[in-house]
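Asks: Chains as they are written, first to last, in UniProt numbering: chain A, 1 to 402; chain B, 1 to 402. Ideal Cβ positions, reconstructed from N, Cα and C, are used throughout, including at glycine. No experiment lies behind these values; they were computed from the predicted model shown.
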DNA sequence: GCCACTATATTCACAGACCTAACAAACTCG
DNA sequence: CGAGTTTGTTAGGTCTGTGAATATAGTGGC
């Protein structure tokens, strides 16, 4: 193949697989089980091409036949499915207060997850690399799979990143990480290819689509310690020129608003992000458990209070939600998506409070109504970023090689 | 070819040409003159492939050899260039107060332009189709080119659109146009393929890149009667699920802000758009010429006052600019572009007032500084949308057929 | 002015992807 | 049980793009 130069692919939105083999694998994976005829419809390839490609995938042990479909008046369809045990990938999501690991099989299912306390604010990058390497190895060992089947590791952390140099740059609570090429270090340490992405973008890749209609353009609104978003087009994430697209946390929603760590003022994250919500709750005298509890853990405590009837906690969260609704409106206006998914650790606990408020604003904004944008909550919010990191690795070129 | 199904291409961001022939044509067009060796580098194709493809393009009369480059120690390069007179396309930009036509040759250069008064607010769609058809025919005739060389017509108007149905929907001052399939009617009337796009998106396609470094991800901030933006990735515009991406005019920049025609409140366009600027200027007692002067014409009058030293006019425009800077910041945060171009009729006159204010905000926002986003003014702002419409047609499949 | 040397472009034979057309297989229904 | 229907495969051909070898048109040494 090789029709499009590397140079012209640089923005990283990875224009749909030029590769028919990858297209078939993707189609089977997202469908669960399909027949060859259905694949011809989904992919636009001809029946003979599907036959050939599928045969090779079966020969390579990546796809299995899975029984017969029911007849519709003729020969019944032979169903195909991804051979889940063919390959595995690891996804790792690092933030200050938690470190999440997932092991994902070739079908895209999570076969193991592990959530650990984060390394904290003052962590030494080299020690974190060492810890992640050790724990990744342990995860693989305990799962009992053949380590040689692990394709690679997707690593995500809060953005922004400098993607071309593959280096984290100025994350909120980790300034001493600036310039540290963590994924390269992980590659060296583990002997596996590693991919670096920001958490929100990965979350967009990790969201399972459970809507009725076809969704080819969707976005994730991601809230962890910060607020971000990711855009997915036909299964490929859009990363922008420097890998920092979707920084909805740092759009200005209030002229003269509060100072943000990013240097700007009035940022959505500074006004309504988890850190601010926690600070407000503490100021209001809410009991969030240990005073050392910070970040998403403290935020979750507020959400639990609100859900058990604390009206002060609820008011604080509803205020935050009204600002996030504004961010959601910006996402739909800028990206024109069919679906917006709320995801990330913060939404995992507080999502039910945020969802209706955000839905209401999207539906009442004119363009939202005109184009019928759906807003849903991701039930896997806590692991979304790690899963997304794994799935991005799963969709890489090497994942389909024999 | 046909590797990727129509279904999977639906979002309309048209992943870089799968077609090598189109890739070569695009590369030559954007380079001006290039040699075959350079094409191998730009396109990633091998030398023999370039030879073959270029020979066919020359045989088909789409490309010419254009002398020798200087030798670098061996055989000098044979330079290639697009045969400008091979084909032509027409671009039409309709807004309430102006109707702009451009005739663009196969090299992408504007060979004729024509600006006429717009049809006004109460125009009858069928009459406008008739008028555009007549004037398009006249434009082609007066230019003296062979009408059979005209490939098609790109038509743009203020968004939002319903792209799949190819129908304009609820533009600000043209509600009675809702549901009118103008490009289909133009196709019937002119016997030429026509393409419908919103003005801001087309403007992104029409911006000439004159920056030093390679720009693969850029956006246009477009101001005409309304405010919009367009995103361009490797020469392909991103249109979103329904063709309404980039609606930066309707992001909320002020909670509880003024009512917008779109139904929402606090929209950038309602606060700082040309209509509001004109209303403020009239309220301040500024003389904008005829009281019947509206839209961009009235806005231009204010800009001229400001540029000739009227401090009230300047203050009003600077206030508008500070809000647009906010919109620009949102664009760079969401899209992560390398370049942001201010374009459109409103910037054509007032751009020099807006540019420094917008630049200042982009450069002072943390991510802007980190990633070095450039902000420039398009010198062809007035025609950008029409030119972009033409160029989009020029990049269509049929434009490279023999 | 002739001879290397070098960079540019082309020719030729071949591999692979994908298509059309014809065919085989496996079920339903009368 | 055989016609009809749907699913999947085989066979043959086209087209794109490749690698290896070759032709072309300059430069610079002597």
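DSSP state of residue 93 of chain A, grouped into three classes?
Replies: strand
Asks: When the Cα atoms are used, what is the spatial distance from residue 295 of chain B to residue 113 of chain B?
Replies: 21 angstroms
Asks: Is the CB of residue 246 of chain A under 9 angstroms away from at least one CB in chain B?
Replies: yes
Asks: Quick check: the Cα distance between residue 253 of chain B and residue 351 of chain A, rounded to an integer number of angstroms?
Replies: 24 angstroms
Asks: Rounded to whole angstroms, what's the CA-CA distance from residue 160 of chain A to residue 250 of chain A? Just pull it up for me.
Replies: 11 angstroms
Asks: Give every residue of the same chain whose Cβ lies closer than 8 angstroms to the Cβ of residue 45 of chain A, excluding the five residues on either side of it in the sequence, and list them in chain order.
Replies: 20, 23, 24, 39, 53
Asks: What do you reckon, is the C-beta of residue 327 of chain B under 8 angstroms from a heavy atom of the ligand SAM?
Replies: For the structure depicted, the ligand SAM is absent and the ligand set is empty, with no information on it obtainable.
Asks: Looking only at its chain, what residues have a beta carbon closer than 7 angstroms to the beta carbon of residue 354 of chain A, apart from the 5 residues adjacent to it on each side?
Replies: Counting only Cβ-Cβ distances below 7 angstroms, and skipping sequence neighbours, we find 321, 324, 342, 347.
Asks: Cα-Cα, which of A:204, A:68, A:88, A:74 is closest to residue 80 of chain A?
Replies: A:68
Asks: Counting only Cβ-Cβ distances shorter than 7 angstroms, please list the residues of the region 104 to 136 of chain A near chain B, keeping chain order.
Replies: none
Asks: Quick one: is residue 335 of chain A near chain B, going by C-beta distance under 9 angstroms?
Replies: Yes, residue 335 of chain A lies at the interface with chain B (some Cβ there is under 9 angstroms from its Cβ).
Asks: Counting beta carbon pairs with one atom in the region 277 to 293 of chain A and one in the region 255 to 265 of chain A, are three or more of them shorter than 8 angstroms?
Replies: Three or more Cβ pairs closer than 8 angstroms define a contact, and the region 255 to 265 of chain A falls short of that threshold against the region 277 to 293 of chain A.
Asks: So who's on the other strand from residue 230 of chain A, going by DSSP bridges?
Replies: A:220
Asks: Are there 16 or more other CB atoms within 10 angstroms of the CB of residue 303 of chain B, so buried, or fewer, so exposed?
Replies: By the 10 Å Cβ count, residue 303 of chain B comes out buried.
Asks: For the region 175 to 190 of chain A against the region 229 to 240 of chain A, are there 3 or more C-beta pairs whose distance is under 8 angstroms?
Replies: no
Asks: Can you name the residues of chain A whose CB is closer than 7 angstroms to the CB of residue 237 of chain B?
Replies: Those within 7 angstroms of residue 237 of chain B in chain A number zero; the least Cβ separation is about 12 angstroms.
Asks: Below 7 angstroms between beta carbons is the criterion; list the residues of the region 315 to 345 of chain B that meet it against any residue of chain A, in chain order.
Replies: Taking 7 angstroms as the upper bound on Cβ-Cβ separation, chain A lies near residues 326, 329, 330, 333, 334, 335, 336, 337, 338 of the region 315 to 345 of chain B.
Asks: Just the chain A side, please: which residues come within less than 7 angstroms of residue 30 of chain B by C-beta, in chain order?
Replies: What residue 30 of chain B touches in chain A: nothing, since even the nearest Cβ is about 11 angstroms away.
Asks: Along chain B, which residues have their Cβ under 7 angstroms away from the Cβ of residue 252 of chain A?
Replies: 326, 329
Asks: When the Cα atoms are used, what is the spatial distance from residue 65 of chain B to residue 317 of chain B?
Replies: 49 angstroms
Asks: Can you give me the C-alpha to C-alpha distance between residue 126 of chain A and residue 133 of chain A, rounded to a whole angstrom?
Replies: So the two alpha carbons sit approximately 11 angstroms from each other.
Asks: Which of helix, strand or coil does DSSP assign to residue 281 of chain B?
Replies: The answer is helix: DSSP assigns residue 281 of chain B an H, G or I state.
Asks: On the DSSP letters alone, give me the boundaries of the beta strand (DSSP E) that residue 236 of chain B sits inside.
Replies: 236 to 238
Asks: Using a Cβ cut-off of 9 angstroms (strictly closer), state whether residue 212 of chain B contacts chain A.
Replies: Confidence is the limiting factor: at residue 212 of chain B the pLDDT is only 48, short of 50, which leaves the residue's position unreliable, though a coordinate-based value still follows. False, the Cβ-Cβ gap to chain A never drops below 9 angstroms.
Asks: Is there a C-beta anywhere in chain A that falls below 9 angstroms from the one on residue 25 of chain B?
Replies: So no, residue 25 of chain B is outside the interface.
Asks: Find out if the Cβ-Cβ distance for the pair residue 88 of chain B, residue 28 of chain B is shorter than 9 angstroms.
Replies: no
Asks: Per DSSP, what kind of secondary structure is residue 155 of chain A in: helix, strand or coil?
Replies: strand
Asks: Looking at residue 98 of chain A: is its Cβ nearer than 9 angstroms to the Cβ of residue 118 of chain A?
Replies: Less than 9 angstroms divides the Cβ of residue 98 of chain A from the Cβ of residue 118 of chain A.
Asks: Within its chain, find whatever has a CB closer than 7 angstroms to the CB of residue 115 of chain B; leave out the 5 residues flanking it on each side and keep chain order.
Replies: The answer, listed in chain order, is 98, 100.
Asks: Between residue 224 of chain A and chain B, is the shortest Cβ-Cβ distance under 9 angstroms, so that the two count as touching?
Replies: no
Asks: Drop a sphere of 10 angstroms on the beta-carbon of residue 93 of chain A, count the other beta-carbons inside from all chains shown, and report buried for 16 or more, exposed for fewer.
Replies: buried
Asks: If you draw a straight line from the alpha carbon of residue 149 of chain B to that of residue 373 of chain B, how long is it in whole angstroms?
Replies: Answer to the nearest angstrom: the Cα atoms are 40 angstroms apart.
Asks: Can you tell me whether DSSP reads residue 114 of chain B as helix, strand or coil?
Replies: When DSSP states are grouped into helix, strand and coil, residue 114 of chain B belongs to the strand group.
Asks: Along the chain, where does the beta strand (DSSP E) containing residue 98 of chain B start, and where does it finish?
Replies: Looking at the DSSP string, the run of the beta strand (DSSP E) that includes residue 98 of chain B is 98 to 105.
Asks: Between which two residues does the beta strand (DSSP E) harbouring residue 333 of chain A extend?
Replies: Residue 333 of chain A -> not in any beta strand (DSSP E); alpha helix (DSSP H) instead, spanning 311 to 335.
Asks: Determine the burial state of residue 212 of chain B: buried for a count of at least 16 other Cβ atoms within 10 Å of its Cβ, exposed for fewer.
Replies: A caution first: residue 212 of chain B carries a pLDDT of 48, below 50, which makes its placement in the model unreliable, though a value can still be read off. Exposed, because fewer than 16 other Cβ atoms sit within 10 Å of the Cβ of residue 212 of chain B.
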